[in-house]
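Engineer:
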Amino acid sequence: MTSTGLSRRRFTALVATTSISAALAGCTGSSGDAASDPETAEAPAENTETSDSSGSDSGAAGGTQNFDGWFDDVENFDGVVDETGSDAVEVDVGVEANGGAFGFGPAAVRVSKGTTVTWTWNGKGGTHNVVHTDGEFESELVGDEGHTFEYTFESAGVYKYSCVPHETLGMKGAVVVE
Ligand SMILES: [Cu+2]
1 MTSTGLSRRR FTALVATTSI SAALAGCTGS SGDAASDPET AEAPAENTET SDSSGSDSGA
61 AGGTQNFDGW FDDVENFDGV VDETGSDAVE VDVGVEANGG AFGFGPAAVR VSKGTTVTWT
121 WNGKGGTHNV VHTDGEFESE LVGDEGHTFE YTFESAGVYK YSCVPHETLG MKGAVVVE
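Using my numbering, you'd call the opening residue of the sequence shown number 1 and step up by one each time.
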């Protein structure tokens, strides 16, 4: 029985080594095993970023989400930017809006479950933060250009957030996760 145990162990070791090198090959972008790359496979490059017909064509519930008035006083809210299918989504902090550099750009994005959203400060408008209304995430309060904060959205839902110092001016945002 000892020999069986041994060879089994060697087999396992061999498999482990093989999958590691396969993974490495995938990372370096060698085109050999592209078929199994989920990132390229699942990105159908749909360009709906600036679709402004959000009201008319989608009869689906939430097609014309008003976020319970969350965006009523947000000058730069221009519908929900569809980023579903992207696994990395960026939002600018401090875009020109709401009487100064007090906007999130875009104010509202729709992403797929598991997406990491990265907020990047552009250095304008003083200090900002990114604070979820229900406390699931909260960034530092900073003004440095290039500062980033990221959060990975694992559950479906609507996540409203704001920059606390400028919330009353309309510096508010939302991430819709589906
Ligand atoms: Cu702010």
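Glycine included, every Cβ here is placed at the ideal spot set by N, Cα and C.
Given a threshold of 16 other Cβ atoms within 10 Å of its Cβ, counted over all protein chains shown, does Met171 qualify as buried or as exposed?
Structural biologist: For the purposes of this step, residue 171 is taken as residue 171 along the sequence shown, with counting starting at 1. Buried: at least 16 other Cβ atoms inside 10 Å.
Engineer: Check Val164 in the structure and name its three-state DSSP category.
Structural biologist: Taking the sequence shown and counting its residues from 1, the one referred to as residue 164 is at position 164. The answer is helix: DSSP assigns Val164 an H, G or I state.
Engineer: Confirm, please, whether the CB-CB distance from Val177 to Ala156 is below 7 Å.
Structural biologist: For the purposes of this step, residue 156 is taken as the residue at position 156 of the sequence shown. For the purposes of this step, residue 177 is taken as the residue at position 177 of the sequence shown. Yes, these two residues count as a Cβ contact at 7 Å.
Engineer: Does DSSP classify Phe67 as helix, strand or coil?
Structural biologist: Mapped onto the sequence shown, residue 67 falls at position 67. Phe67: helix per DSSP, three-state reduction.
Engineer: I want to check one thing, is the minimum distance from the CB of His128 to the heavy atoms of ligand 1 below 6 Å?
Structural biologist: Walking along the sequence shown from the start, residue 128 turns up at place 128. Because some heavy atom of ligand 1 lies under 6 Å away, the Cβ of His128 counts as near it: yes.
Engineer: Exposed or buried, which one is Ala97 when buried takes at least 16 other CB atoms within 10 Å?
Structural biologist: Counting from 1 along the sequence shown, the entry for residue 97 is found at position 97. Answer is buried; the Cβ neighbour count reaches 16.
Engineer: Are Asp144 and Asn122 touching if we call contact CB-CB under 7 Å?
Structural biologist: Counted from its first residue, the sequence shown places residue 144 at position 144. Counted from its first residue, the sequence shown places residue 122 at position 122. For Asp144 and Asn122, no; Cβs fall outside 7 Å.
Engineer: Could you give the uninterrupted runs of the beta strand (DSSP E) lying entirely in the segment 133-165, keeping only those of 3 residues or more?
Structural biologist: DSSP runs (the beta strand (DSSP E)) wholly in the segment 133-165: 148-153 and 157-162.
Engineer: Shorter than 6 Å, the distance from the beta carbon of His132 to the closest heavy atom of ligand 1, or not?
Structural biologist: Taking the first residue of the sequence shown as 1, we reach residue 132 at position 132. It does not: the Cβ of His132 is nowhere closer than 6 Å to a heavy atom of ligand 1.
Engineer: Would you say Val147 touches ligand 1, meaning its beta carbon is less than 6 Å from a heavy atom?
Structural biologist: Within the sequence shown, residue 147 is the residue found at index 147, counting from 1. Here residue 147 turns out to be His, not Val, going by the sequence shown. Flag unset: Cβ of His147 not near ligand 1.
Engineer: Exposed or buried, which one is Thr118 when buried takes at least 16 other CB atoms within 10 Å?
Structural biologist: As a working note, residue 118 is residue 118 in the sequence shown. Thr118 should be labelled exposed.
Engineer: Phe102 to Phe71, Cα distance in whole Å?
Structural biologist: The residue you call residue 102 lines up with position 102 of the sequence shown. The residue you call residue 71 lines up with position 71 of the sequence shown. In a straight line, the C-alpha of Phe102 is about 14 Å away from that of Phe71.
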